[in-house]
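Colleague: Under my numbering, the first residue of the sequence shown is numbered 7, with each subsequent residue one higher.
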Amino acid sequence: MEIGLVSSRRRRNSGRKLCFCGLEANITQAWTDKNPGRRFYGCPRYKELNGCKFFSWFDEEDVRDEIREETRVIEQLKETIAELRSNLENTIVRKFEEFFV
(Lines of atoms letter the chains of each structure in order from A; the text may use other names.)
(Lines give C-alpha, C1' and ligand atoms only; values in the text may rest on other atoms or scores of the structure.)
Protein backbone atom coordinates (compact mmCIF):
# COMPACT_ATOMS: atom_id res chain seq x y z
CA MET A 7 0.00 0.00 0.00
CA GLU A 8 2.79 2.38 0.86
CA ILE A 9 4.46 1.78 -2.51
CA GLY A 10 1.29 2.98 -4.25
CA LEU A 11 1.27 6.14 -2.19
CA VAL A 12 4.90 6.91 -3.03
CA SER A 13 4.45 6.34 -6.75
CA SER A 14 1.27 8.39 -6.69
CA ARG A 15 3.08 11.29 -5.05
CA ARG A 16 5.90 11.07 -7.56
CA ARG A 17 3.47 11.19 -10.46
CA ARG A 18 1.69 14.16 -8.99
CA ASN A 19 4.88 16.08 -8.27
CA SER A 20 6.49 15.24 -11.61
CA GLY A 21 3.59 17.00 -13.36
CA ARG A 22 3.78 20.16 -11.30
CA LYS A 23 3.65 23.42 -13.18
CA LEU A 24 4.87 26.85 -12.30
CA CYS A 25 2.89 29.94 -13.12
CA PHE A 26 4.48 33.02 -14.68
CA CYS A 27 5.06 34.36 -11.14
CA GLY A 28 7.33 31.36 -10.49
CA LEU A 29 4.92 29.86 -7.96
CA GLU A 30 3.58 26.32 -8.05
CA ALA A 31 0.25 26.53 -9.88
CA ASN A 32 -2.90 25.45 -8.01
CA ILE A 33 -5.08 22.68 -9.41
CA THR A 34 -8.72 23.77 -9.45
CA GLN A 35 -11.83 21.98 -10.70
CA ALA A 36 -14.26 23.72 -13.03
CA TRP A 37 -17.99 23.15 -12.60
CA THR A 38 -19.29 25.08 -15.59
CA ASP A 39 -21.77 23.60 -18.08
CA LYS A 40 -19.05 23.56 -20.73
CA ASN A 41 -16.36 21.98 -18.52
CA PRO A 42 -18.01 19.97 -15.73
CA GLY A 43 -15.43 18.46 -13.41
CA ARG A 44 -12.50 19.47 -15.59
CA ARG A 45 -9.35 20.36 -13.67
CA PHE A 46 -6.93 23.13 -14.55
CA TYR A 47 -3.77 24.81 -13.31
CA GLY A 48 -3.98 28.43 -12.26
CA CYS A 49 -1.84 31.06 -10.59
CA PRO A 50 -2.29 30.88 -6.80
CA ARG A 51 -2.49 34.69 -6.78
CA TYR A 52 -4.99 35.03 -9.64
CA LYS A 53 -7.41 37.07 -7.49
CA GLU A 54 -4.70 39.47 -6.42
CA LEU A 55 -3.50 42.48 -8.42
CA ASN A 56 -0.02 40.96 -8.75
CA GLY A 57 -1.31 37.58 -10.01
CA CYS A 58 -0.20 36.52 -13.49
CA LYS A 59 -3.45 34.95 -14.82
CA PHE A 60 -1.63 31.69 -15.71
CA PHE A 61 -4.02 28.99 -16.98
CA SER A 62 -3.46 25.48 -18.33
CA TRP A 63 -5.73 22.42 -18.49
CA PHE A 64 -4.68 19.64 -16.09
CA ASP A 65 -6.64 16.73 -17.46
CA GLU A 66 -7.04 15.37 -20.93
CA GLU A 67 -9.96 16.24 -23.18
CA ASP A 68 -11.20 12.64 -23.07
CA VAL A 69 -11.87 12.93 -19.32
CA ARG A 70 -14.30 15.75 -20.01
CA ASP A 71 -15.94 13.69 -22.75
CA GLU A 72 -16.24 10.75 -20.35
CA ILE A 73 -17.97 12.96 -17.77
CA ARG A 74 -20.41 14.19 -20.42
CA GLU A 75 -21.17 10.61 -21.47
CA GLU A 76 -21.72 9.53 -17.86
CA THR A 77 -24.01 12.53 -17.31
CA ARG A 78 -26.01 11.54 -20.41
CA VAL A 79 -26.34 7.95 -19.14
CA ILE A 80 -27.48 9.20 -15.72
CA GLU A 81 -30.17 11.36 -17.35
CA GLN A 82 -31.39 8.39 -19.39
CA LEU A 83 -31.54 6.26 -16.25
CA LYS A 84 -33.52 8.95 -14.44
CA GLU A 85 -36.03 8.99 -17.31
CA THR A 86 -36.29 5.20 -17.21
CA ILE A 87 -36.86 5.23 -13.45
CA ALA A 88 -39.58 7.88 -13.79
CA GLU A 89 -41.28 5.85 -16.53
CA LEU A 90 -41.12 2.63 -14.49
CA ARG A 91 -42.43 4.42 -11.40
CA SER A 92 -45.35 5.81 -13.39
CA ASN A 93 -46.13 2.38 -14.86
CA LEU A 94 -46.03 0.82 -11.40
CA GLU A 95 -48.34 3.48 -9.95
CA ASN A 96 -50.79 2.98 -12.83
CA THR A 97 -50.74 -0.78 -12.32
CA ILE A 98 -51.37 -0.39 -8.59
CA VAL A 99 -54.31 1.97 -9.22
CA ARG A 100 -55.75 -0.38 -11.85
CA LYS A 101 -55.46 -3.42 -9.55
CA PHE A 102 -56.99 -1.45 -6.68
CA GLU A 103 -59.92 -0.41 -8.88
CA GLU A 104 -60.41 -3.99 -10.11
CA PHE A 105 -60.45 -5.30 -6.57
CA PHE A 106 -62.68 -2.65 -4.96
CA VAL A 107 -64.91 -1.58 -7.84
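We put the beta carbon where it would ideally sit given N, CA and C, even for glycine.
Find the nearest neighbour of Ser-62 within the set Thr-77, Leu-83, Asn-32 and Glu-103, judged by alpha-carbon distance.
Modeller: Out of Thr-77, Leu-83, Asn-32 and Glu-103, Asn-32 has the C-alpha closest to the C-alpha of Ser-62.
Colleague: If you run the structure through DSSP and keep just helix, strand and coil, what is Leu-24?
Modeller: In this structure, Leu-24 counts as strand in the three-state DSSP scheme.
Colleague: Along the chain, where does the beta strand (DSSP E) that runs through Ala-36 open and close?
Modeller: Segment 32-37, the beta strand (DSSP E) holding Ala-36.
Colleague: Between the beta-carbon of Arg-45 and the beta-carbon of Thr-38, is there less than 8 Å?
Modeller: Their beta carbons are not under 8 Å apart, which means Arg-45 does not touch Thr-38 by this criterion.
Colleague: If you follow the beta strand (DSSP E) that Phe-61 is in, where does it begin and where does it stop?
Modeller: First-last of the beta strand (DSSP E) with Phe-61: 61-63.
Colleague: What residues match up with Arg-45 in a beta bridge as DSSP calls it?
Modeller: DSSP, once it has assigned bridges, lists Gln-35 as partnering Arg-45.
Colleague: Closest to Leu-55 by C-alpha separation, out of Glu-81, Ala-88 and Cys-27, would be which residue?
Modeller: Cα-wise, what sits closest to Leu-55 is Cys-27.
Colleague: Should Phe-60 go down as buried or exposed, given a rule of 16 or more other Cβ atoms within 10 Å for buried?
Modeller: Result: buried.
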